[in-house]
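The next block holds one structure in the form of structure tokens; read it before the comments.
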Amino acid sequence: MIDSADVVVIGSGGLGAATAFSLVRHGPRNVAIVDKHEIASQTSPRAAGLMSHARTSDLMVQLVTQAGSNLRRFTEDTGQPLDWTQSGSLKVARRAQDVDVIESDVARGDRLGLDVERISPDEAHRLNPFLQTKGVLAVMRVGDDLYFEPSQVAIGFARGAEAGGATLLPHTTVTRVDIEDGEVAAVETDRGTIRTRVVVDAAGAWTRQVAEASGIHIPILPTRHQLFVTEPLEGASADLPIVRVVDAAVYVRPCDGGLLWGGFEADPHFFEVDALGASFQIEDTPLDAEVLLRLGEQVAEQLPILLEAKVREHRGGIPTMTGDGEHIVGPVPGARGFFVAGGCNVAGLSVSPAIGEALAAWIVDGEPPIDLAPLSITRFAEPYPEERLERDAAWQYRHFYGAA
Ligand SMILES: Cc1cc2nc3c(=O)[nH]c(=O)nc-3n(C[C@H](O)[C@H](O)[C@H](O)COP(=O)(O)OP(=O)(O)OC[C@H]3O[C@@H](n4cnc5c(N)ncnc54)[C@H](O)[C@@H]3O)c2cc1C
667 MIDSADVVVI GSGGLGAATA FSLVRHGPRN VAIVDKHEIA SQTSPRAAGL
717 MSHARTSDLM VQLVTQAGSN LRRFTEDTGQ PLDWTQSGSL KVARRAQDVD
767 VIESDVARGD RLGLDVERIS PDEAHRLNPF LQTKGVLAVM RVGDDLYFEP
817 SQVAIGFARG AEAGGATLLP HTTVTRVDIE DGEVAAVETD RGTIRTRVVV
867 DAAGAWTRQV AEASGIHIPI LPTRHQLFVT EPLEGASADL PIVRVVDAAV
917 YVRPCDGGLL WGGFEADPHF FEVDALGASF QIEDTPLDAE VLLRLGEQVA
967 EQLPILLEAK VREHRGGIPT MTGDGEHIVG PVPGARGFFV AGGCNVAGLS
1017 VSPAIGEALA AWIVDGEPPI DLAPLSITRF AEPYPEERLE RDAAWQYRHF
1067 YGAA
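For the sequence shown, this note's numbering gives the first residue as 667, with consecutive numbering after it.
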């Protein structure tokens, strides 16, 4: 155990580990990553590993593009392995209003220099023969999109941070961040107190719980998300483009000779993590295969393979949703030195390299390298009743691929 650090990062998932890695690389070396469980063991390794570039705001396109460059040179930077494949992706519209979503994605992507284009349903079928053309009105191809092995990201960043001088403290639970006269003074854990002036709350599903112990409210909802990995299938080559169906909010990508697929149900399951108990781990998350089977039925005409293929793995985790679908990143007003990286909205792993880099620069230089104001917690300054948060977060979840 240590008794002081320049920065204490709470949580060794993608967001915390990437921040710690960038901190030791560019600034203070006396950085501690504290995790109540094994390092990099919770939601991050269970993700689908999709990186989507055609996002709904210029800022997110910029951040994901930056994250994409970071992931491509991950091994060079961290010395750790990362398997990734730039397969590109196909975004499929089946309703007239979703054609508008695709058109605006293409226009924004084009303006921001992405490799995006509208292609015909037949061309999409040629690129990914598992996608059938029946009922398909429009398709966007994104050449920049890639998928990566999710279990390698957080652990790679954490090991890279350790090699750069950071201290890893697994099985150490943060019970409270002490704030004195409006400034962070220390982090209390079940193994002792660490004096520090800066903390990063990157505790994933527990982000809100950690902050609340210091009287800070972070309006996010831990939300179940799950996927299937199929047995190997003939034709499921690694370079097949990812497919996303807008209205059903279903995605599929190649995985180890089979397919990995999941989706966003209309009525998501939220968790109150306190009620799950102190020893709860993400692997204990109650899963529900019926949710995925119902989503598979919704796209049975376009992706019949999803329900035909034999399932090899069913996994899930607890990402966190915000009411507006944007992450929460940056300092918390009224608690100098308290930073947050949360509200991942089921897309935090792919963007973690860029968020980690920006947050580290913010901590070291006192200002972010790019304008992250749209991600600031100050946008929730007005009281946000829990009922409204649930309604808004559910809407964001089921409209994951956009709404006209
Ligand atoms: C099935 C599924 C598919 C997904 N697909 C994608 C995808 O394709 N692309 C994408 O970008 N994202 C995807 N996501 C979302 C992605 O997994 C998350 O955005 C990301 O992993 C969040 O990382 P994190 O660091 O916030 O959380 P975690 O990885 O959960 O890390 C948080 C850490 O904080 C620790 N912690 C909590 N409380 C304390 C405490 N009190 N003291 C000390 N430590 C504490 C935890 O033990 C944990 O290790 C998916 C998620 C799921 C579940």
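Built from N, CA and C at the ideal position, the CB exists for glycine as well. Predicted, not measured: the structure shown is a model, and the values here were computed from it.
Test: residue i CB closer than 8 angstroms to a CB of chain D
| i | result |
| --- | --- |
| L834 | Going by chain labels, chain D is absent from the structure shown, which holds only one protein chain. |
Beta-ladder partner(s) of residue i, from DSSP
| i | result |
| --- | --- |
| D867 | I676, V1006 |
| W927 | F894, V918 |
| V700 | I676, L835 |
| D856 | None; D856 has no bridge partner. |
| Y813 | L716, T751 |
| M806 | K757, R784 |
| R792 | Paired residue(s): none; R792 is not in a bridge. |
| R695 | Answer by DSSP bridge pairing: none, since R695 is not bridged. |
| T986 | P888 |
| F936 | T889 |
| S670 | R861 |
| H980 | F894 |
Pick from the options that is closest to residue i, judged by C-alpha positions
| i | options | result |
| --- | --- | --- |
| H935 | A1059, E854, K757, E789 | A1059 |
| A914 | A1007, Q968, G1008, E704 | Q968 |
| R1002 | L835, A1020, W1028, S1018 | W1028 |
| G1032 | R1054, G996, R1057, Q947 | G996 |
| V912 | S710, R761, D749 | R761 |
| D766 | V805, E742, V730, G734 | V805 |
| R691 | G831, V909, L899, A1020 | G831 |
| G677 | T799, T833, D776 | T833 |
| I785 | R774, W927, T799 | T799 |
| Q818 | D749, V697, D781, G924 | D749 |
| A902 | G775, V673, G923 | G923 |
| H791 | A829, I908, L893 | I908 |
| Y1067 | G734, A713, D905, D764 | D764 |
| V865 | A932, A671, R712, K702 | A671 |
| A713 | H993, G1022, R981 | R981 |
| N794 | H1065, H837, D905 | D905 |
| E979 | D990, L725, P898, H703 | P898 |
| G679 | A1024, L953, Q708, V673 | Q708 |
| R1054 | M987, P952, S1018 | M987 |
| D743 | E815, G822, A773 | G822 |
| A824 | S688, V772, I1043 | S688 |
| E938 | H1065, D771, Q732, G870 | G870 |
| F894 | V916, L887, A683, T873 | V916 |
| V674 | T838, T951, I1036 | T838 |
Any non-hydrogen atom of ligand 1 within 7 angstroms of residue i CB
| i | result |
| --- | --- |
| L893 | yes |
| D701 | yes |
| S945 | no |
| L1015 | yes |
| G996 | no |
| V671 | At residue 671 the sequence reads Ala, which differs from the Val that was named. Not so, every heavy atom of ligand 1 lies at least 7 angstroms from the Cβ. |
| G962 | no |
| R842 | no |
| P907 | no |
| V876 | yes |
| I1021 | no |
| R738 | no |
| Q818 | no |
| A860 | A small fix is needed here, since residue 860 is Ile in this sequence, not Ala. Because no heavy atom of ligand 1 lies under 7 angstroms away, the Cβ of I860 does not count as near it: no. |
| Q708 | yes |
| A698 | no |
| V1012 | yes |
| T839 | yes |
| L1025 | no |
Rounded separation between residue i and residue j - CA only
| i | j | result |
| --- | --- | --- |
| Q728 | A1013 | 15 angstroms |
| D940 | T841 | 13 angstroms |
| V977 | R1045 | 42 angstroms |
| I882 | V758 | 41 angstroms |
| T751 | S1016 | 13 angstroms |
| I668 | L797 | 54 angstroms |
| V782 | N696 | 43 angstroms |
| V853 | V843 | 5 angstroms |
| L1038 | D867 | 17 angstroms |
| V802 | Q892 | 25 angstroms |
| A1047 | E992 | 15 angstroms |
| R777 | D724 | 10 angstroms |
| W927 | G809 | 20 angstroms |
| I705 | D788 | 45 angstroms |
| W1061 | A932 | 8 angstroms |
| P885 | E900 | 45 angstroms |
| R739 | G745 | 10 angstroms |
| L716 | S753 | 10 angstroms |
| V730 | E815 | 17 angstroms |
field: Sufficient close CB pairs (3 or more, under 8 angstroms) joining the stretch 957-977 to the stretch 936-947
entry: no
- request: State whether the stretch 710-729 contacts the stretch 846-863, with contact taken as three or more CB pairs (one from each stretch) at a distance under 8 angstroms.
  value: no
- prompt: Does the stretch 1004-1020 come close enough to the stretch 874-892 that 3 or more CB-CB pairs lie under 8 angstroms?
  reply: yes
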